[in-house]
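Q: For reference, the structure I am asking about is given below.
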Amino acid sequence: MFKDIVLAVIAVGFGLLLNAQSVSSGLKEEANIYGKVFDAPLRVAENDSLLFHGLYNRKPLILALVFTRCYGVCNPFLLRLAEYIQLRDKDDSFSVLVLSFDPKDSVDDMKLLGKRYGLENNTQWTFAVTDSIESLNRSIGFYPSWDSSIEQFDHDALLVGINNEGFITKKLIGIRQPHDLDLLIASVNNIFSPTYRLPNRNALFSCFNYDPKTGKNTPGLGLLFIALPAIVTVILLLSISYFVRHKPLG
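Positions 1 to 250 (the UniProt record's numbering) are the ones given, in order, by the sequence shown.
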């Protein structure tokens with residue numbers, strides 16, 4: 001009996017952990033929104049460089065962070081993005097910057113990456129490296145970590161929407177559905193999206209309350225209501241266990 005109760009508590013705890021991971025991913029997508037991207041110097045060819053604003057001032061920008069030696073998500077991530085943009089029937093309202101966050105990547109490495117996807121002559125796409133990747137990463141809230149045991153970066157598959165004034169309008173983590181990418185492109189073109197609810201005093205049951213002045217989230221009542229069933233279940237299981245163990249033998 002007690003063993004079953006312990007297993008049930010572990011299952012509830014695992015469910016809470018999965019929910020926390022989902023919330024954590026959502027919070028990372030909100031981090032640095034409406035902040036300005038760092039104006040990093042970019043190298044797009046051996047003798048050709050420009051500042052970041054030289055791209056987003058021309059057209060709103062979708063920024064994809066990758067590294068060329070990635071054995072994991074980078075390739076399917078870029079492939080999905082390229083397929084999606086190709087299906088948009090030559091929508092030229094934005095540009096795409098594929099930027100390496102690996103200091104070991106060179107301009108030639110990024111050229112080969114573009115060629116791998118048949119994008120080397122596509123003017124909508126730019127493949128680049130920068131010597132200021134740490135400052136750029138901080139400005140967008142991107143923190144890859146190097147795992148020396150497998151010689152790979154542990155990182156999110158991140159897309160960042162940047163409007164033509166250099167402000168971050170939306171972030172997407174992971175390989176997403178076309179609808180999510182539609183919202184990203186709408187955001188960089190300053191198109192209102194009715195799916196976003198603006199913060200207001202009537203939103204009493206939000207999981208997190210976002211303060212646009214500080215850019216921080218604080219826990220809301222909604223988070224308590226989500227966790228409440230699990231908390232009540234654990235309390236009931238512990239109570240039953242206590243009474244079973246202390247029940248007088250008749």
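For glycine and all other residues, C-beta sits at the position ideal for the given N, C-alpha and C.
Give the DSSP bridge partners of residue 255, in chain order.
A: In the structure as shown, the chain starts at 1 and stops at 250, and residue 255 therefore has no counterpart that could be examined.
Q: Is the region 142–151 in contact with the region 34–46, if contact means three or more CB pairs nearer than 8 Å?
A: No, because fewer than three Cβ pairs between the region 142–151 and the region 34–46 fall closer than 8 Å, the two stretches do not touch.
Q: Would the beta-carbon of F38 fall within 7 Å of that of L119?
A: Residue numbering aside, residue 38 sits at position 38 when the sequence shown is read from its first letter. Residue numbering aside, residue 119 sits at position 119 when the sequence shown is read from its first letter. Against a cut-off of 7 Å, the Cβ pair of L119 and F38 comes out as no contact.
Q: Scan the region 37–61 and note each continuous alpha helix (DSSP H) run of 4 residues or more that stays entirely inside, going in chain order.
A: 53–56
Q: Using the beta-carbon count (16 or more within 10 Å), is G174 buried or exposed?
A: Sequence index remark: in the sequence shown, residue 174 carries index 174 (1-based). The residue in question, G174, is exposed, as its Cβ has fewer than 16 Cβ neighbours within 10 Å.
Q: Compare the Cα-Cα distances from S145 to each of L228, Y56, F192 and D102 and report the closest residue.
A: Residue mapping note: residue 145 aligns to position 145 of the sequence shown, counting from 1. Of the candidates L228, Y56, F192 and D102, the one whose C-alpha sits nearest the C-alpha of S145 is D102.
Q: For the beta strand (DSSP E) that contains K104, what are its first and last residues?
A: Translated into positions along the sequence shown, residue 104 becomes position 104. Looking at the DSSP string, K104 is not in any beta strand (DSSP E), and its letter there is neither H nor E.
Q: Would you kindly work out how many angstroms separate the C-alpha atoms of L50 and I226, rounded to a whole number?
A: Residue 50 sits at position 50 when you count from the first residue of the sequence shown. Residue 226 sits at position 226 when you count from the first residue of the sequence shown. Those two C-alpha atoms are separated by around 48 Å.
Q: Output needed for K171: all residues of its chain with C-beta closer than 6 Å, excluding positions within five of it in sequence on either side, in chain order.
A: Within the sequence shown, numbered from 1, the residue matching residue 171 stands at position 171. Only E29 and V160 meet the Cβ criterion.
Q: In whole angstroms, what is the alpha-carbon distance linking G166 and S95?
A: Locating residue 166 in the sequence shown gives position 166, where the first residue counts as 1. Locating residue 95 in the sequence shown gives position 95, where the first residue counts as 1. When rounded, the distance between both Cα atoms is 13 Å.
Q: Looking only at its own chain, which residues have a Cβ that is under 7 Å from the Cβ of K104, when we skip the five neighbours before and after it?
A: The residue labelled residue 104 in the question sits at position 104 within the sequence shown. Once the five neighbours on either side are set aside, K104 has no close Cβ partner at all.
Q: Express the C-alpha separation of S100 and S239 in angstroms, rounding to a whole number.
A: Here the question's residue 239 lines up with position 239 in the sequence shown. Here the question's residue 100 lines up with position 100 in the sequence shown. Cα to Cα, S239 sits roughly 54 Å from S100.
Q: Skipping 5 residues on each side, what residues in its chain have a beta carbon closer than 8 Å to that of I162?
A: Walking along the sequence shown from the start, residue 162 turns up at place 162. Contacts found: V37, Y56, P60, L61, I62, L63, I168, T169 and V188.
Q: For the alpha helix (DSSP H) containing F153, name the first residue and the last one.
A: The residue you call residue 153 lines up with position 153 of the sequence shown. Element bounds for F153: not the alpha helix (DSSP H) but the beta strand (DSSP E), Q152 to D154.
Q: For the alpha helix (DSSP H) containing F77, name the first residue and the last one.
A: Taking the sequence shown and counting its residues from 1, one reaches residue 77 at position 77. Where F77 is concerned, the enclosing alpha helix (DSSP H) stretches over C74 to Q86.
Q: Leaving aside the five residues before and after G35 along the sequence, list all residues of the same chain whose C-beta is less than 6 Å from its C-beta, in chain order.
A: Numbered from its first residue, the sequence shown carries residue 35 at position 35. Cβ within range, chain order: I168.
Q: Would you tell me roughly how many angstroms separate the C-alpha atoms of L78 and L237, rounded to the nearest one?
A: Start at 1 with the first residue of the sequence shown, and residue 78 comes out as number 78. Start at 1 with the first residue of the sequence shown, and residue 237 comes out as number 237. Spanning the two alpha carbons is a distance of roughly 47 Å.
Q: If contacts are defined as beta-carbon pairs under 8 Å, then Q73 and A157 qualify, I think. What distance do you get, rounded to the angstrom?
A: By 1-based counting over the sequence shown, the position of residue 73 is 73. By 1-based counting over the sequence shown, the position of residue 157 is 157. Note that residue 73 is Val in the sequence shown, not Gln. V73 to A157, Cβ: 5 Å. Contact.
Q: Going by DSSP, name the residue or residues bridged to S145.
A: Taking the sequence shown and counting its residues from 1, the one referred to as residue 145 is at position 145. D154, per the DSSP bridge assignment.
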